[in-house]
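J.: Attaching a single structure in structure tokens format; questions to follow.
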Amino acid sequence: MTSAASRDGYGSALLEMADDERVVVLEADLGKSTKSCLFRAEYPERSFSMGIAEQNMMLVAAGMASTGKIPFASTFAIFTERGFEQVRNGIARPNLVVHLCGSHGGIHTGTDGSSAQSIEDLAIYRTLPNMTVMHPCDDLSTKSLTKSLLNHQRPSYTRTARNKTKRIYTEEQAASLEIGKFSIVREGSDVAILACGVMVAEAIDAAEFLANQGVDATVVDVHTLKPFDHGCLKSIAEKCGAIVTAEDHSIIGGLGGAVSESLASNHPTPLERVGVKDEFGMSGQPAELMKHYGLTVSDIVDAAKRAISRRTA
Amino acid sequence: MMTGAEPTCEELTVDDLVVISKDCRREIVKMVKRANAGHPGGSLSVIDILVGLYGRTLRVSTNKPKHPDRDRVILSKGHASPAMYSVLHAFGFISETDLHTYRVYNGVCQGHVDSKWTPGVDFSGGSLGMGLSFGLGVTLSAKMDGKDIFSWVILGDGECQEGEIWEAAMAAVHHKVENMTVIVDVNGIQNDNFVDQQMVMGDLAAKWAAFGWKVKEIDGHDMLEISTAIDWSKTTVGPCVILARTIKGKGVSFMENNPAFHGKAPDDEEFEQAMGELA
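Residue numbers (my numbering), protein chains in the order written: chain F, 688 to 1000; chain Y, 1281 to 1559.
As structure tokens, then:
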């Protein structure tokens, strides 16, 4: 199976949107990492280096959006947080359509260590009114969903990952994804595994493992955490009666948080959250770290069994 | 005054502006008194600057306050909202009734300037340090489009303690911004105390100059100096910053240079005295 990093999809999307003259790109000295460098190379007159100064970048993007431009501003996920209050007061509050991309999200980022591994970005951006929050799972879905932002009337935050993972979608499948709608990548009725980002591939493998043990799992790619697809979650919960979330992010406030809130209000269902358990990361190879922090196929399988065992007959 | 559909500027005389400023000062004090809250000191220090801009240079339209080609006023020190509302009222963007909604539930005039609520407000402030970056974004965008939009960014001197101001100051020079001028309302007082007690700012002119800006220092209450500085900044290869020395609370004796009136309403007796002094 072909592998690629979701950040590559962001870079490709910027290039494919370039025909729209409203598209402008802002960088904070990490264009080579976020892949906005691809746009810069082709369209320097619409690319803006903001230096290592994220707070300024947020409001420059807001000012541009106020005049009808469609700014795409990127840096590491963790460094977008440097300008969080700027995003809150300068972008989300006036509902200026700025699209942020935070690359290198999660423990999976690897050897850079804990300072670079944002495990809270999805949680914090999800709390802001007007914001759309996405975390696609592969390069093709990242490309497709980023391109969808061209006609999106709200500001957004998209997390991408540094490292290559398995490609989940074909070009055609990715093109059919819609912001705010769950993507069901496998159907089963015994348990549902809702995953985002690099954990979608792990969830699919976990479902195959469970299938060999006679457990039929649904797998959902929750590429959009906000707006949240409450209706689809409710129908899945009704059908499966046991839910697992899997994310390379704190179990507090991100996908696990969003699913908890929705289930509690709409259809209380046993839920097990696979994710980073309220601790910071460290240096290591991605595979080593995923094992250390409990983000592997076997962690998902175990969580699925626990959720099923909690299901009332 | 400016009622056309296209943004225009009807230039008023310096004497006209002095009269308008005095009217605005009264409205500022009345707004703060009615709300029993707000920021009179920094509103009274910045009002002459705002009146100067609206009366001498801004191409704006009361009929189309969101006209895409209008000049922008970015009041980064967004707590000085009474000054903004009084000048928007004086120049026909909002009504006297609107002024009565300052800090009132669901009112047109929010506690801090907010572009979603008030016609003629271009920037949502309230959190210091962000306006210069926003103005830079507007100006870079206009430059790309070949539009002759001029942005005026108004900062406080205390606000210049925010790091983002200097991030933006660097970026404006790096990107060779022309159609944007910063005016700093140097009133020497911030929320808790005098600026130099809270954080010594040193030589502000030297700081801006060191970042590559053209600097002019003026008396921020002298309408002729304000007017001349506006013309200077529009004809000088910039970016330009005007350091306007002002008096916090200007025009009301007991508020002048008094940190207590950064964010406090006058009591009944003080209000009567203020109205008498501003008559």
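Positions of the beta carbon are idealized from the N, C-alpha and C atoms, including for glycine.
Going by the beta-carbon positions, is the gap between M1503 (chain Y) and V1298 (chain Y) smaller than 7 Å?
T.: Within the second sequence, numbered from 1, the residue matching residue 1503 (chain Y) stands at position 223. Within the second sequence, numbered from 1, the residue matching residue 1298 (chain Y) stands at position 18. Yes.
J.: Contact defined as beta carbons within less than 8 Å: I believe V907 (chain F) pairs with S870 (chain F). What is the distance between those atoms, to the nearest angstrom?
T.: Counted from its first residue, the first sequence places residue 907 (chain F) at position 220. Counted from its first residue, the first sequence places residue 870 (chain F) at position 183. With 8 Å as the limit, V907 (chain F) and S870 (chain F) qualify as a contact, their Cβ atoms being about 7 Å apart.
J.: Between which two residues does the alpha helix (DSSP H) containing L836 (chain F) stretch?
T.: Along the first sequence, one-based indexing puts residue 836 (chain F) at 149. Unbroken run through L836 (chain F): none, as it is neither H nor E.
J.: Check the Cβ of S753 (chain F) against every Cβ in chain Y and list those closer than 9 Å, keeping chain order.
T.: As a working mapping, residue 753 (chain F) is identified with position 66 in the first sequence. Those within 9 Å of S753 (chain F) in chain Y are R1352, S1395, D1402, F1403, F1414, G1417, V1418, S1421.
J.: I'd like the ranges of any beta strand (DSSP E) spanning at least 3 consecutive residues and lying wholly in the segment 1444-1487 of chain Y.
T.: Runs found: 1460-1466.
J.: Taking 7 Å as the CB-CB cut-off, is A705 (chain F) touching chain Y?
T.: As a position in the first sequence, residue 705 (chain F) is number 18, starting the count at 1. Not closer than 7 Å to any Cβ of chain Y, the Cβ of A705 (chain F) fails to qualify, so no.
J.: Under 8 Å between beta-carbons, which chain F residues line up against P1348 (chain Y)? List them in chain order, please.
T.: Numbered from its first residue, the second sequence carries residue 1348 (chain Y) at position 68. Simply T754, G755.
J.: Any Cβ of chain Y within less than 7 Å of the Cβ of M886 (chain F)?
T.: Here residue 886 (chain F) refers to the residue found at position 199 of the first sequence. By this cut-off, M886 (chain F) is not an interface position.
J.: So E1439 (chain Y) contacts chain F; which residues on that side make the cut at Cβ distance below 7 Å?
T.: Residue 1439 (chain Y) sits at position 159 when you count from the first residue of the second sequence. What E1439 (chain Y) touches in chain F: nothing, since even the nearest Cβ is about 14 Å away.
J.: F1414 (chain Y) and A748 (chain F): beta carbons closer than 7 Å?
T.: Here residue 1414 (chain Y) corresponds to residue number 134 of the second sequence, with the count starting at 1. Here residue 748 (chain F) corresponds to residue number 61 of the first sequence, with the count starting at 1. For F1414 (chain Y) and A748 (chain F), no; Cβs fall outside 7 Å.
J.: Consult DSSP for D935 (chain F) and reduce its assignment to one of helix, strand or coil.
T.: Here residue 935 (chain F) corresponds to residue number 248 of the first sequence, with the count starting at 1. DSSP places D935 (chain F) in strand when its eight states are reduced to three.
J.: Quick one: Cα of E1447 (chain Y) to Cα of H1501 (chain Y), how far?
T.: For this step, residue 1447 (chain Y) is matched to residue 167 along the second sequence. For this step, residue 1501 (chain Y) is matched to residue 221 along the second sequence. E1447 (chain Y) and H1501 (chain Y): Cα-Cα distance of roughly 29 Å.
J.: Taking Cβ-Cβ distances below 9 Å as the criterion, which residues of the segment 1453-1487 of chain Y are in contact with chain F?
T.: Listed by position, the residues of the segment 1453-1487 of chain Y near chain F (Cβ gap below 9 Å) are H1454, H1455.
J.: Alpha carbon to alpha carbon, what distance is there between G696 (chain F) and D892 (chain F)?
T.: For the purposes of this step, residue 892 (chain F) is taken as the residue at position 205 of the first sequence. For the purposes of this step, residue 696 (chain F) is taken as the residue at position 9 of the first sequence. The straight-line gap from Cα to Cα measures roughly 23 Å.
J.: In the structure shown, what three-state DSSP assignment does P914 (chain F) receive?
T.: Translated into the one-based positions of the first sequence, residue 914 (chain F) becomes position 227. The answer is coil: DSSP assigns P914 (chain F) none of H, G, I, E or B.
J.: For the beta strand (DSSP E) holding S985 (chain F), just list the boundary residues, first then last.
T.: Translated into the one-based positions of the first sequence, residue 985 (chain F) becomes position 298. That residue, S985 (chain F), is in no beta strand (DSSP E); its alpha helix (DSSP H) goes 984-997.
J.: What residues in the segment 847-867 of chain F bring their beta carbon closer than 9 Å to a beta carbon of chain Y?
T.: Cβ contacts with chain Y come from no residue of the segment 847-867 of chain F.
J.: Measuring straight from C-alpha to C-alpha, what distance separates A1545 (chain Y) and L713 (chain F)?
T.: Here residue 1545 (chain Y) is taken as the residue at index 265 of the second sequence, counted from 1. Here residue 713 (chain F) is taken as the residue at index 26 of the first sequence, counted from 1. When rounded, the distance between both Cα atoms is 43 Å.
J.: Quick one: list the residues of chain F neighbouring M1364 (chain Y), beta-carbon separation under 7 Å, in chain order.
T.: As a first step, residue 1364 (chain Y) must be located in the second sequence, where it is residue number 84. What M1364 (chain Y) touches in chain F: nothing, since even the nearest Cβ is about 16 Å away.
J.: Within the 7 Å Cβ cut-off, does M1281 (chain Y) reach chain F?
T.: Taking the second sequence and counting its residues from 1, one reaches residue 1281 (chain Y) at position 1. For M1281 (chain Y), the pLDDT reaches just 45, beneath the cut-off of 50, and the residue's location in the model is therefore unreliable, although a value from the coordinates is still provided. So no, M1281 (chain Y) is outside the interface.
J.: Against chain Y, with Cβ distances strictly below 7 Å, would M818 (chain F) count as a contact?
T.: Locating residue 818 (chain F) in the first sequence gives position 131, where the first residue counts as 1. Output row for M818 (chain F): interface = no.
J.: Helix, strand or coil for C1520 (chain Y)? Go by DSSP, reduced to three states.
T.: Here the question's residue 1520 (chain Y) lines up with position 240 in the second sequence. Three-state DSSP puts C1520 (chain Y) in a strand.
J.: Would you list, in sequence order, the uninterrupted alpha helix (DSSP H) runs of no fewer than 4 residues that lie entirely inside the segment 1380-1444 of chain Y?
T.: Runs found: 1411-1425.
J.: Does the separation of the CB atoms of L881 (chain F) and V909 (chain F) fall below 7 Å?
T.: Stepping through the first sequence from its first residue, residue 881 (chain F) is reached at position 194. Stepping through the first sequence from its first residue, residue 909 (chain F) is reached at position 222. Yes, they are a contact pair.
J.: Considering only their Cβ atoms, is the gap separating A1524 (chain Y) from I1329 (chain Y) smaller than 7 Å?
T.: In the second sequence, residue 1329 (chain Y) corresponds to position 49, counting from 1. In the second sequence, residue 1524 (chain Y) corresponds to position 244, counting from 1. Yes, these two residues count as a Cβ contact at 7 Å.
J.: Skipping 5 residues on each side, what residues in its chain have a beta carbon closer than 7 Å to that of K1530 (chain Y)?
T.: Residue numbering aside, residue 1530 (chain Y) sits at position 250 when the second sequence is read from its first letter. L1324, S1325, H1501, E1536, listed in sequence order.
J.: Establish whether the CB of M969 (chain F) and some CB of chain Y are separated by less than 7 Å.
T.: Here residue 969 (chain F) refers to the residue found at position 282 when the first sequence is read from its first residue. No - not a single Cβ of chain Y is within 7 Å of the one on M969 (chain F).
J.: CB I1510 (chain Y) to CB R1336 (chain Y), shorter than 7 Å?
T.: As a first step, residue 1510 (chain Y) is located in the second sequence; it is residue number 230 there, counting from the start. As a first step, residue 1336 (chain Y) is located in the second sequence; it is residue number 56 there, counting from the start. Their beta carbons are under 7 Å apart, which means I1510 (chain Y) touches R1336 (chain Y) by this criterion.
J.: Going along the chain, which residues of its own chain have a beta-carbon closer than 7 Å to the beta-carbon of M704 (chain F), five neighbours each way excluded?
T.: The residue labelled residue 704 (chain F) in the question sits at position 17 within the first sequence. Cβ within range, chain order: V710, K834, L837.
J.: Can you check whether the CB of A974 (chain F) is closer than 7 Å to the CB of P957 (chain F)?
T.: For this step, residue 957 (chain F) is matched to residue 270 along the first sequence. For this step, residue 974 (chain F) is matched to residue 287 along the first sequence. No; because the gap between Cβ atoms is not below 7 Å, this pair is not in contact.
J.: If you check the beta carbons only, do I1308 (chain Y) and S1366 (chain Y) fall under 7 Å apart?
T.: Against the second sequence, residue 1308 (chain Y) aligns to sequence position 28. Against the second sequence, residue 1366 (chain Y) aligns to sequence position 86. Result yes, Cβ atoms of I1308 (chain Y) and S1366 (chain Y) sit closer than 7 Å.
J.: Can you have a look at G755 (chain F) and say buried or exposed, based on whether 16 or more other CB atoms are within 10 angstroms of its CB?
T.: Residue 755 (chain F) sits at position 68 when you count from the first residue of the first sequence. Classification of G755 (chain F): exposed, given that the 10 Å Cβ count is below 16.
J.: Can you say whether V961 (chain F) is buried or exposed, counting buried as having 16 or more other CB atoms within 10 angstroms of its CB?
T.: The sequence position of residue 961 (chain F) within the first sequence is 274, counting from 1. V961 (chain F) is buried by the Cβ-count criterion.
J.: Using 8 Å as the threshold, is the segment 1422-1440 of chain Y in touch with the segment 1378-1389 of chain Y, meaning 3 or more CB pairs across them?
T.: Verdict: no, contact absent.
J.: Taking 7 Å as the CB-CB cut-off, is Q742 (chain F) touching chain Y?
T.: Looking up residue 742 (chain F) in the first sequence gives position 55. So yes, Q742 (chain F) belongs to the interface.
J.: Taking 8 Å as the cut-off, does the segment 913-923 of chain F touch the segment 778-790 of chain F (at least 3 CB pairs, one atom from each stretch)?
T.: With the cut-off at 8 Å, the segment 778-790 of chain F and the segment 913-923 of chain F do not touch.
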